[in-house]
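Since the structure comes first, as structure tokens, the remarks are kept for the end.
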């Protein structure tokens, strides 16, 4: 029984999760929970929702949704935390499932969780008995930064304690909520759904592989032969995530199976996403509810909970939640993927009215403790307890929020100027101010960098609006490959004439770097397969390359490729061969005062230690890794002004052994290369000093440089071509703008490293 005095002390609650009209089970759960909480609170105006968006434009939310977060937009998580903190919300309730939040296994949630200044409860919707290391760390760290983990089955408590090492005192059992409805005879709404005189078997939910509906369809001939009045209703649309990648292929496959078995009169698809009232009517129509899931590891199921709450007899496969909910005669379990057993179980219930009715009664009675009214009261009791006796300690809030300061300084990622520089063929090399200089034509080096920028941006934000540009850059690289020579060309005139037969080794290697990134971060199979084919052709000629920078680009590209296809031994051997050649040059030429591989530092310098760091960690070769980090640190040191800001080795003139640095012509691509290397050095070592260096290098773009002027143009979203004595070179060409974009995207990626890398390592 809830203490009324405790409720009176609860004033402002924020519930964070998917919300209707977004179509998924979590959205329905969050909406129902909020409605139930509102019924219990004196003033429901202080109950708000922070909605998670999986599309750029969001949804047409009701008034209760006061803030929304783009799942892949890291900045939104910090701004949401600021909104809740500034408005002094007393408690947050987070709906957690790995697919809701952006980042690896949903790690972006920690940007929000660690920045909140209030108690936090987490409803855990998905849990694995044998999680990957990454998924295990997500749950363990979520427990560290919340007051309670709320689970919907007792099996989940067992898993959290045994598999995740979370104290039982940090866990609370709160059942999945269900609507409170009267106990009715089945079939009362048959006429409403055009099923008069039929005995209804029902499955509902968002459709996709793993639901096991094909097993139930295959069981239908044996059911219909004994009960010709039976109709199996499949209620629900294709899951949005399934439709995004596969379209309606799963549903069409089910329909083809129905046709093959000649079940058109006995299996019907109601392709709707229905509200709770309509769903209850469907359940009250059903004689048996069927849950034929194929996976044991299902720790909760809203569809099964609703069926129990209405008092519908259930036949289900023995996934974890079903074993618990249907125990003690509340349902019947049949083996996975077994149409014969499914048919036998359903026929047995259809033929035994006494057992079926008793099962209905037991299920309905059990469900009285699961109504949303009871569930909301349990939530309020836990909230009140957390407010009086908070169990979690956020630690040093200033330390945990270090990355929020960074995100406040980062401009939003905008491809406006790059789009301006891109035509139907590719990307124009140069610009006069921000106007494309058509006479300069196209360059493969710029196209390769542009492909990298669009691929890593898509990986970060899942923004499909970038795909036309990404596809165009990949298509240009395909056209640039000269199959007569086995090499990439470099320059094309504006009238689409190639100006060379074979580009430089560096050009070829940059293209391979970009293709490796495209393979690792491909947004779809078309991109990955196209990049794979071109990558294989281009990689076949590089063993004889002599340019150390080309070696470095190739190594970095291979590392990205191996991130997707780690079993490719040929690529791994080539990576090792090139890395050892590069490392040998540093060992031969360097000394204590000058550790560089040659007597002068020129362009793309940071790519060389970057390659050694990645290869040294992966081979593994500890000496190579240590050398790469040492060389990167040396490059940062010699490019540090006495005032602490970055001052880049300049072009022309460079910096030679025993000489003076040139002092004109600092280029954005060199700042980008340093940032790229530093972020990966942090990922490799877990040492946050590399993030500090990355931020210092990024400051060069923002005005922390020799002339105190931003290199990024806030009006055009382009980047100036360089830094001169007098100020900036005001042209905004392709190379500079892409260097800015890659740098900005990598800085957004680094935000999560502030919170995850050190602990994980």
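Residue numbers (this note's numbering): 17 to 777.
Beta carbons are placed, not taken as given, at the ideal position from N, Cα and C, and that holds for glycine.
Model, not experiment: these values are computed from the prediction.
Could you say which of 480, 655, 493 lies nearest to residue 260 if we only look at CA atoms?
480
Are the Cβ atoms of residue 710 and residue 695 separated by less than 7 Å?
yes
Residue 215 bridges to which residues according to DSSP?
246
Say yes only if the C-beta of residue 744 is nearer than 6 Å to one or more non-hydrogen atoms of the ligand PLP, and no if none qualify.
Looking for the ligand PLP in the displayed structure turns up nothing, as the structure carries no ligands at all.
Just checking my contact of residue 570 with residue 558 at CB under 8 Å: how many whole Å lie between their CB atoms?
6 Å
So, with DSSP's three-state summary, where would you put residue 603?
helix
Cβ atoms of residue 238 and residue 359: under 7 Å apart, would you say?
yes
Rounded to whole angstroms, what is the Cα-Cα separation between residue 408 and residue 160?
Because the pLDDT at residue 408 is just 49, under 50, the model does not fix this residue reliably, and the value given afterwards should be weighed accordingly. Taking the straight line from one Cα to the other gives about 7 Å.
Using the rule of at least 16 other Cβ atoms within 10 Å of the residue's Cβ for burial, across every protein chain shown, is residue 276 buried or exposed?
exposed
In or out: residue 762 buried (at least 16 other Cβ within 10 Å) or exposed?
buried
Per the contact definition of three or more C-beta pairs closer than 8 Å, is the stretch 726 to 734 in contact with the stretch 651 to 664?
no
Mind checking which residues open and close the alpha helix (DSSP H) that includes residue 520?
Looking at the DSSP string, residue 520 is not in any alpha helix (DSSP H), and its letter there is neither H nor E.
Give me the residue from 320, 70, 632 with the minimum Cα distance to residue 588.
632
So, does the CB of residue 616 fall closer than 7 Å to a CB anywhere in chain B?
Note that chain B does not occur in the displayed structure, where there is just one protein chain.
Grouping DSSP H, G and I as helix and E and B as strand, with all else coil, what is residue 142?
coil
Where DSSP assigns a beta bridge to residue 197, which residues make up the other side?
In DSSP, residue 197 forms no bridge with anything.
Coil, strand or helix - residue 661 by DSSP
coil
To which residues does DSSP link residue 348 through a beta bridge?
331
What's the gap between the Cα of residue 92 and the Cα of residue 766?
15 Å
Which complete beta strand (DSSP E) runs does the stretch 423 to 497 hold, if anything under 3 residues is left out?
444 to 448, 451 to 459
Which whole-angstrom value is the C-beta distance of residue 34 and residue 111, which I expect to be below 8 Å?
7 Å
Within a Cβ cutoff of 7 Å, which residues of the same chain sit near residue 420, ignoring the five residues on either side of it in sequence?
Caution applies to residue 420, whose pLDDT of 47 falls short of 50 and renders its modelled position unreliable; the value that the coordinates give is listed next. If we look at residue 420 and ignore the five residues flanking it on each side, its Cβ neighbours are 94, 131.
What are the residues that DSSP puts in a beta bridge with residue 745?
738
Buried or exposed by the 16-neighbour rule on C-beta atoms within 10 Å, applied to residue 189
exposed
Between the stretch 681 to 690 and the stretch 617 to 626, do at least 3 Cβ pairs fall closer than 8 Å?
yes
Pop quiz: residue 714 and residue 759 are said to be a contact at Cβ under 8 Å. What is the actual Cβ separation, rounded to whole angstroms?
6 Å
Is the distance from the Cβ of residue 379 to the Cβ of residue 327 below 7 Å?
yes
I need the DSSP call for residue 411, collapsed to helix, strand or coil.
Residue placement at residue 411 cannot be trusted, given a pLDDT of 44 that sits under 50; what the coordinates show is reported in the next sentence. It is coil, neither helix nor strand.
Grab me the residues of residue 492's own chain with a C-beta within less than 6 Å of its C-beta, minus the 5 sequence neighbours each way, in chain order.
442, 463
Taking Cβ to Cβ, would you say residue 400 is nearer than 7 Å to residue 163?
no
Under three-state DSSP, which class holds residue 84?
strand
Can you give me the Cβ contacts of residue 640 inside the same chain, cut-off strictly under 8 Å, excluding the 5 residues immediately before and after it?
595, 596, 599, 628, 631, 632
If you compare alpha carbons, which of 116, 476, 233 is closest to residue 819?
Given that the chain is displayed from residue 17 to residue 777, the structure contains no residue 819 and the question cannot be resolved.
Considering residue 512, what are the terminal residues of the alpha helix (DSSP H) in which it resides?
Careful: residue 512 lies outside any alpha helix (DSSP H) and carries neither H nor E.
Sort 449, 461, 134, 72 by Cα distance to residue 100 and report the nearest one.
134
Span of the beta strand (DSSP E) holding residue 164?
164 to 167
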